[in-house]
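Input: a single structure, listed below in structure tokens.
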Amino acid sequence: MSKPLKAIPKFAKEAQERAYWESQDSVPHLDWSQAKKVSLPNLKPSTRTISLRLPQHLLDSIKVAANARDVPYQSLIKVWLQEKLHS
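Written as structure tokens, this is what we have:
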């Protein structure tokens, strides 16, 4: 027989809840053997804007390559970075 689960406390603010779960293990609160896989097909990854300084000739070359592929140059840079990361 499994141990009784601890009650999940109520939180006034999201920051309190975040702090609680950063310091606590969820095992005493949840029965993970009952967990089910879910699919979130419409979830979009969060993005962050960065500043990247490139030599003008390199940026021009990237723009030419992007134009040849008919994609925005920022998108092409993201694809190349992702490919390099996984190779």
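All letters in the sequence shown, in the order written, are residues 536 to 622 by my numbering. Every residue, glycine too, gets a C-beta built ideally from N, C-alpha and C. Since the structure is predicted, the reported quantities are computational estimates derived from the model, not experimental observations.
Chain-order list of residues whose beta-carbon lies under 7 Å from that of residue i (same chain, five-residue window excluded)
i: Met536; result: Per-residue confidence for Met536 stands at a pLDDT of 49, beneath the threshold of 50, marking its modelled position as unreliable; the derived number appears in the next sentence. None.
i: Ala600; result: Leu611
Boundaries of the alpha helix (DSSP H) in which residue i is found, first to last residue
i: Leu593; result: Gln591 to Arg604
i: Arg553; result: Glu549 to Ser558
i: Ser610; result: Tyr608 to Leu620
Residues near residue i by beta carbon distance below 8 Å, same chain, minus five either side
i: Glu552; result: Phe546
i: His564; result: Leu540, Lys541, Ala542 and Ile543
Reference residue i; option with closest CA among the options
i: Arg583; options: Lys613, Ser622, Lys548 and Asp595; result: Lys613
i: Asp566; options: Lys572, Lys538 and Ile585; result: Lys538
i: Leu589; options: Ser561, Trp556, Lys619 and Tyr608; result: Tyr608
Nonlocal neighbours in the same chain, by C-beta distance under 6 Å from residue i, ignoring five residues either side
i: Leu639; result: With the chain covering 536 to 622 only, the question about residue 639 has no answer from this structure.
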